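Residue numbers (this note's numbering): 5 to 445.
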């Protein structure tokens, strides 16, 4: 005989199922508005620039447009001097010690490929044929096997003369649509929610001027990922190591008498010692790290050579070995060649695994399953806003899919279905944390 559930448990399950059903209907109401919102955002030029002092004029324009859209929803919104957009949604639950849900995205687009004058093409009921873009660019099943899943569905591309900008305006669209949903459905239960939309992610600076008084959640989720179900649960840690050798000027022919010292030799030897072939990027896959001497600069007037190393690793001990090898080579060569060598280390981003609460993945997994999404956790050989926040502020977060494909390319495209599913995941995360609050777990 089947054992009956106790009445309070059964009631809780019925209420939970009813809430999920109601919320599903609510989500469907907002689907039609997502593509027009996305198209509007990608047509605002917002390329970041690694050489800019802070942000570009295009980013300022994008930030202003976003702020105007968001503040209209009526939530407490702060537009910082550094052009971060923060939204603080107070809890509508009775529980006072509810944990804070954090959601982030970034509004800049990559400087690696032109993103000015984007002309998005909305392709409804995709027929499975190769998509011919301008300048000879083609999107088809050979280059994009995932495209097979889009037959009969809606996708968005650029016209082939620019990047599309789905990285991360798909995430921005999801976040703004979530805010609209919460504003127009105030009875949906939720705990406190903090949202930040950042500049400069694509140049590694999205956490640089983040203000923790506006964004310091208990559970953080960054909407800036790939396709249906993908969630980044771990990522490379990244260090930039700049090694500078200071030579001594003089005529080379009389170096023995005038003290001339060459600055190229110590840098050449240091590269050979610190970055052996087996540790180069082309010999690194999976969770293996690498050391790359990324570029060399020379200042002839001051007789200075500089090498900029990129270190990437999943394992902290591996990273320490790379750093120690560089420092040991620098110390040895400085002594042997009688030159001054300086080593400067900058943490660019950190593996989010080091700073995520154990229950965070369970909350996200439940939110995905409620949205009809099969979770696909993976480790990413890159870094995102969450990884940059982890490096600077010590708390991690998972990166959730948004439907973007082929980012940083003329052939970038967006899956409308995946973007909508990611929005439902965001809405379900609100519910998951609310249930967690009510239960006191």
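In this text, a Cβ means the ideal position worked out from N, Cα and C, and glycines have one as well. Predicted model, so just to flag it, every value in this text is computed and none were measured.
Can you tell me where the alpha helix (DSSP H) with residue i in it begins and where it stops?
i           : result
residue 325 : 320-341
residue 63  : 61-75
residue 264 : Run containing residue 264: none; DSSP gives neither H nor E here.
residue 185 : 170-188
residue 310 : No alpha helix (DSSP H) holds residue 310; the beta strand (DSSP E) holding it covers 308-317.
residue 472 : With the chain represented from 5 up to 445, any question about residue 472 goes unanswered, as that position is not in the structure.
residue 397 : 389-397
residue 295 : Unbroken run through residue 295 is the beta strand (DSSP E), 294-303; no alpha helix (DSSP H).
residue 131 : Note, residue 131: premise wrong, no alpha helix (DSSP H); not H, not E.
residue 386 : Counting along the chain, residue 386 falls outside any alpha helix (DSSP H), and DSSP gives it neither H nor E.
residue 45  : 38-46
residue 275 : 268-278
By alpha-carbon positions, which one of the options ends up nearest to residue i?
i           : options               : result
residue 409 : 150, 247, 262 and 78  : 150
residue 94  : 83, 79 and 107        : 79
residue 414 : 427, 161, 366 and 100 : 161
residue 373 : 435, 391 and 349      : 435
residue 45  : 121, 246 and 66       : 66
residue 121 : 48, 85, 283 and 192   : 48
residue 171 : 201, 56 and 244       : 201
residue 116 : 361, 68 and 206       : 206
residue 196 : 257, 158, 254 and 92  : 92
residue 330 : 247, 301 and 320      : 247
residue 59  : 114, 36 and 154       : 114
residue 304 : 362, 96, 265 and 284  : 265
residue 422 : 231, 107, 323 and 282 : 231
residue 360 : 56, 425, 236 and 244  : 236
Count the other CB atoms, across all protein chains shown, that sit within 10 Å of the CB of residue i; report buried if there are 16 or more and exposed otherwise.
i           : result
residue 440 : buried
residue 29  : exposed
residue 332 : exposed
residue 105 : buried
residue 337 : buried
residue 204 : buried
residue 135 : buried
residue 89  : buried
residue 173 : buried
residue 209 : buried
residue 388 : buried
residue 411 : buried
residue 291 : exposed
residue 54  : exposed
residue 261 : exposed
residue 26  : Note that residue 26 scores a pLDDT of 45, beneath 50, so its modelled location is shaky; the value from the coordinates is reported in the next line. Exposed, because fewer than 16 other Cβ atoms sit within 10 Å of the Cβ of residue 26.
residue 378 : exposed
residue 191 : exposed
residue 306 : exposed
residue 145 : exposed
residue 62  : buried
residue 352 : buried
residue 286 : exposed
residue 198 : buried
residue 40  : exposed
residue 323 : buried
Assuming the contact rule is C-beta atoms closer than 8 angstroms, residue i and residue j should be a hit. Round their C-beta distance to whole Å, please.
i           : j           : result
residue 315 : residue 242 : 7 angstroms
residue 371 : residue 429 : 5 angstroms
residue 380 : residue 233 : 4 angstroms
residue 345 : residue 311 : Incorrect: roughly 10 angstroms between the Cβ atoms, too far for contact.
residue 112 : residue 51  : 7 angstroms
residue 407 : residue 343 : The pair is not a contact, with the Cβ atoms about 52 angstroms apart (cut-off 8 angstroms).
residue 349 : residue 394 : Actually they do not touch by this definition, with Cβ atoms about 17 angstroms apart.
residue 224 : residue 179 : Their Cβ separation, rounded to whole angstroms, is 13 angstroms, which puts residue 224 and residue 179 out of contact at 8 angstroms.
residue 103 : residue 222 : 4 angstroms
Any C-beta of chain D sitting closer than 8 angstroms to the C-beta of residue i?
i           : result
residue 372 : In the structure shown, chain D cannot be found, because there is only a single protein chain.
Considering only the beta carbon of each residue, do residue i and residue j sit closer than 8 angstroms?
i           : j           : result
residue 38  : residue 177 : yes
residue 402 : residue 431 : no
residue 77  : residue 187 : yes
residue 297 : residue 268 : no
residue 216 : residue 427 : no
residue 229 : residue 405 : yes
residue 318 : residue 383 : yes
residue 416 : residue 168 : yes
residue 391 : residue 239 : yes
residue 274 : residue 334 : yes
residue 193 : residue 31  : no
residue 82  : residue 214 : no
residue 309 : residue 249 : yes
residue 294 : residue 277 : no
residue 420 : residue 159 : yes
State the start and end residues of the unbroken beta strand (DSSP E) segment that holds residue i.
i           : result
residue 197 : 197-202
residue 421 : Looking at the DSSP string, residue 421 is not in any beta strand (DSSP E); the run it does join, the alpha helix (DSSP H), is 420-443.
residue 403 : 401-405
residue 239 : 234-239
residue 228 : 223-229
residue 364 : That residue, residue 364, is in no beta strand (DSSP E); its alpha helix (DSSP H) goes 364-374.
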